[in-house]
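Trainee: So that you can map any letter, position 7 of the sequence shown is 178 in our numbering, and since no number is skipped, the others follow by simple counting.
Glycine is no exception: its CB is placed at the ideal position from the N, C-alpha and C atoms.
Source: prediction; values computed, not measured.
Structure in structure tokens, see below.
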Amino acid sequence: MTEKFMITASDTNARRRGEKHMIGYGKCDEDFKRLVHSATHHTLFYPDVIEVYDVNFIKRLKLYECDGDGTLQEIKFE
């Protein structure tokens, strides 16, 4: 990733309520890895969806499905 981004994560209960948990901001692949690890290992909930947005929260850049062990699978969208 070359542009600044922010990461949100949510689980089924949060999505039902229309909520997303803000995880953090980054600007490189190392930041992305650190934030995803934080979302999947150091939170009080277990996210099953991780979204990557531009820094202004206007455009979704990537969408990932997250399984129980923290493995991500990118979901293609248009």
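1) Is Y196 buried or exposed, if buried means 16 or more other CB atoms sit within 10 Å of its CB?
2) By Cβ distance below 6 angstroms, which residues in the same chain neighbour Y235 in space, the five residues on each side in sequence not counted?
3) Whose C-alpha, out of G189, V207, E190 and R188, is nearest the C-alpha of K233?
4) Is the separation between the beta-carbon of M193 and that of T183 shorter than 7 angstroms?
5) Quick one: Cα of C199 to Cα of R205, how far?
Mentor: Result, derived from the coordinates:
1) Residue mapping note: residue 196 aligns to position 25 of the sequence shown, counting from 1. Classification of Y196: exposed, given that the 10 Å Cβ count is below 16.
2) Taking the first residue of the sequence shown as position 1, residue 235 is located at position 64. I221, L243 and E245, listed in sequence order.
3) Numbered from its first residue, the sequence shown carries residue 233 at position 62. The option with the nearest alpha carbon to K233 is V207.
4) Here residue 193 corresponds to residue number 22 of the sequence shown, with the count starting at 1. Here residue 183 corresponds to residue number 12 of the sequence shown, with the count starting at 1. No. Outside cutoff.
5) Here residue 199 refers to the residue found at position 28 of the sequence shown. Here residue 205 refers to the residue found at position 34 of the sequence shown. Roughly 10 angstroms between the two C-alpha positions.
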